[in-house]
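Peer 1: In the working numbering, the protein residues as written are 61 to 294.
All C-beta atoms in this analysis are idealised placements derived from N, C-alpha and C, irrespective of residue type, glycine included.
Sharing a structure here in structure tokens format.
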Amino acid sequence: MAKQKKAHCEADLRARILTQDIPPGSDLDEASLAEDYGISRTPLREVLHRLAGGGYVRLEENRGAKVESMDFATLRVFFQTAPLIYCSIARQAAENRSSREIAALKETQVQLSRVARAGDARQSGLLNHKFHEQIGEMARNPYLFAGLKRMLVDHTRLSQTFFDPKTNADETRIKKAIEQHDAMISAIEAQEAALATDLTLQHWDLSRDQLEKYVRPDPIPLDVISMKDHRNAI
């Protein structure tokens with residue numbers, strides 16, 4: 061029972077961080093979390109150490125744990141690095157995938173398509189995370205996979221805006237992303253490495269502008285301050 065509670069705590073905290081139910085930079089109160097999940101402080105600290113190793117949490121001496129932030133410097137590196145890692149992973153996944161892994165990826169895609177059509181942004185983000193992590197496993201490259209897993213923490217947090225459509229254009233973009241997933245699966249299954257790489261880059265380009273809105277919000281409308289008020293402003 062204790063192991064099950066600890067496993068549930070770790071899985072739930074991962075999901076809450078990825079979906080920004082616990083926002084970036086939030087302090088994590090050990091006493092409250094231990095009570096919420098029905099575990100003692102010792103197993104909770106083990107969970108937090110594992111989350112820290114995965115890039116979800118930062119442990120600070122004498123200050124406890126806090127959710128990893130997504131500051132400007134971090135996101136700048138993210139946007140520079142993401143297409144490089146994704147494309148390298150896709151190429152090696154096409155070269156090294158197994159039939160069993162393809163079947164598992166297709167099942168994840170079925171689940172993702174279903175929740176995306178239902179408008180469930182939270183589950184869509186989590187299943188999208190799982191989809192790309194599975195492709196990473198196919199690559200059989202521990203160096204790239206470690207970078208991918210860390211990068212996916214931030215990508216999934218950013219993608220909460222992508223899977224939460226506000227306009228018809230947003231809904232079309234989600235549909236296109238799902239179609240691209242299908243094409244990526246087919247290319248990887250056929251071991252067409254160049255095509256898998258090209259499709260992955262197209263997939264990244266589709267979501268990049270939406271992700272950038274997280275750090276580049278729309279400007280304040282010009283008519284918020286009247287010209288008269290503007291003249292009198294200090």
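1) Where in the stretch 87-157 do unbroken runs of the beta strand (DSSP E), each at least 3 residues long, occur, reported from the N-terminal end onward?
2) Would you mind giving the Cβ-Cβ distance between G185 and S129, rounded to the nearest angstrom? I have them listed as a contact below 8 angstroms.
3) My guess is that V127 and G85 are in contact by the Cβ rule of under 8 angstroms, so how many angstroms apart are they, rounded?
4) Look at L172 and H192 and say whether their C-beta atoms are less than 8 angstroms apart.
5) For R110, which residues from the same chain have a beta carbon less than 7 angstroms from its beta carbon, with the 5 sequence-adjacent residues on both sides left out?
6) Flag this pair as touching only if the stretch 194-207 and the stretch 89-109 have three or more C-beta atom pairs under 8 angstroms; answer yes or no.
7) What did DSSP end up calling R200 once you bin it into helix, strand or coil?
8) Mind checking D131: buried by the 16 CB within 10 Å criterion, or exposed?
9) Identify, in the order they occur along the chain, each residue of the same chain with its Cβ nearer than 8 angstroms to the Cβ of Q194, setting aside the five sequence neighbours on each side.
10) Which value, in whole angstroms, describes the spacing of the CA atoms of L73 and G114?
11) Using DSSP with H/G/I as helix, E/B as strand and the rest coil, what is Q251?
12) If you check the beta carbons only, do A154 and A247 fall under 8 angstroms apart?
13) Quick check on this structure: which residue in G124, A176, A254 has the alpha carbon closest to the alpha carbon of P225?
14) How would you write the range of the alpha helix (DSSP H) that D72 sits in, first residue to last?
15) Apart from the five residues just before and just after S267, which ones in its own chain have a Cβ nearer than 6 angstroms to its Cβ?
16) Can the beta-carbon of L119 be found closer than 8 angstroms to that of L135?
17) Please tell me whether A150 and T260 are closer than 8 angstroms, where the distance is taken between their beta carbons.
18) Here's a check: name, in chain order, each residue in its chain whose Cβ is nearer than 6 angstroms to the Cβ of T216, leaving out the five neighbours to either side.
19) If you reduce the DSSP assignment to three classes, tell me which class Q262 lands in.
20) Give me, in chain order, the residues of the same chain whose beta-carbon lies closer than 7 angstroms to that of L187; leave out the 5 immediate sequence neighbours on both sides.
21) Considering only residues of the same chain and omitting the five flanking positions on each side of A243, which have a CB-CB separation below 7 angstroms?
22) Would you kindly check if the distance between the Cβ of G124 and the Cβ of D96 is under 8 angstroms?
23) Checking contacts by CB at 8 angstroms: is F132 closer than that to chain C?
Peer 2: Short version:
1) 117-120, 124-127
2) Position 125 of the sequence shown, counted from the first residue, corresponds to residue 185. Position 69 of the sequence shown, counted from the first residue, corresponds to residue 129. G185 to S129, Cβ: 19 angstroms. No contact.
3) Here the question's residue 127 lines up with position 67 in the sequence shown. Here the question's residue 85 lines up with position 25 in the sequence shown. Yes, they are in contact, since the Cβ atoms of V127 and G85 sit about 6 angstroms apart, within 8 angstroms.
4) Translated into positions along the sequence shown, residue 172 becomes position 112. Translated into positions along the sequence shown, residue 192 becomes position 132. Cβ distance not < 8 angstroms, so L172 and H192 don't count as in contact.
5) Translated into positions along the sequence shown, residue 110 becomes position 50. Result list for R110: E70, in chain order.
6) no
7) On the sequence shown, position 140 is the one that residue 200 refers to. Of the three classes helix, strand and coil, the one that applies to R200 here is coil, per DSSP.
8) One-based indexing of the sequence shown puts residue 131 at position 71. So D131 ends up on the exposed side.
9) Mapped onto the sequence shown, residue 194 falls at position 134. E161, A164, L165, T168, listed in sequence order.
10) Position 13 of the sequence shown, counted from the start, is the residue given in the question as residue 73. Position 54 of the sequence shown, counted from the start, is the residue given in the question as residue 114. Going from the Cα of L73 to the Cα of G114 covers about 12 angstroms.
11) The count along the sequence shown starts at 1 and reaches residue 251 at position 191. In this structure, Q251 counts as coil in the three-state DSSP scheme.
12) Numbered from 1 along the sequence shown, position 94 holds the residue referred to as residue 154. Numbered from 1 along the sequence shown, position 187 holds the residue referred to as residue 247. Yes; because the gap between Cβ atoms is below 8 angstroms, this pair is in contact.
13) Taking the first residue of the sequence shown as position 1, residue 225 is located at position 165. Per the C-alpha coordinates, the member of G124, A176, A254 positioned closest to P225 is A176.
14) Against the sequence shown, residue 72 aligns to sequence position 12. Residues 62-78.
15) As a position in the sequence shown, residue 267 is number 207, starting the count at 1. F222, listed in sequence order.
16) Position 59 of the sequence shown holds residue 119. Position 75 of the sequence shown holds residue 135. No, these two residues do not count as a Cβ contact at 8 angstroms.
17) Here the question's residue 150 lines up with position 90 in the sequence shown. Here the question's residue 260 lines up with position 200 in the sequence shown. For A150 and T260, yes; Cβs fall inside 8 angstroms.
18) Along the sequence shown, read from residue 1 onward, the residue named residue 216 stands at position 156. Excluding positions up to five away in sequence, the list reads L78, G185, H189.
19) Sequence index remark: in the sequence shown, residue 262 carries index 202 (1-based). Note: Q262 maps to helix in three-state DSSP.
20) As a first step, residue 187 must be located in the sequence shown, where it is residue number 127. For L187, where only same-chain residues beyond five positions count, the Cβ hits under 7 angstroms are T168, Q171, L172, V175.
21) Position 183 of the sequence shown holds residue 243. Only L259 meet the Cβ criterion.
22) To locate residue 96, count along the sequence shown from 1; it is residue 36. To locate residue 124, count along the sequence shown from 1; it is residue 64. For D96 and G124, no; Cβs fall outside 8 angstroms.
23) No chain C appears in the structure shown, which is made up of a single protein chain.
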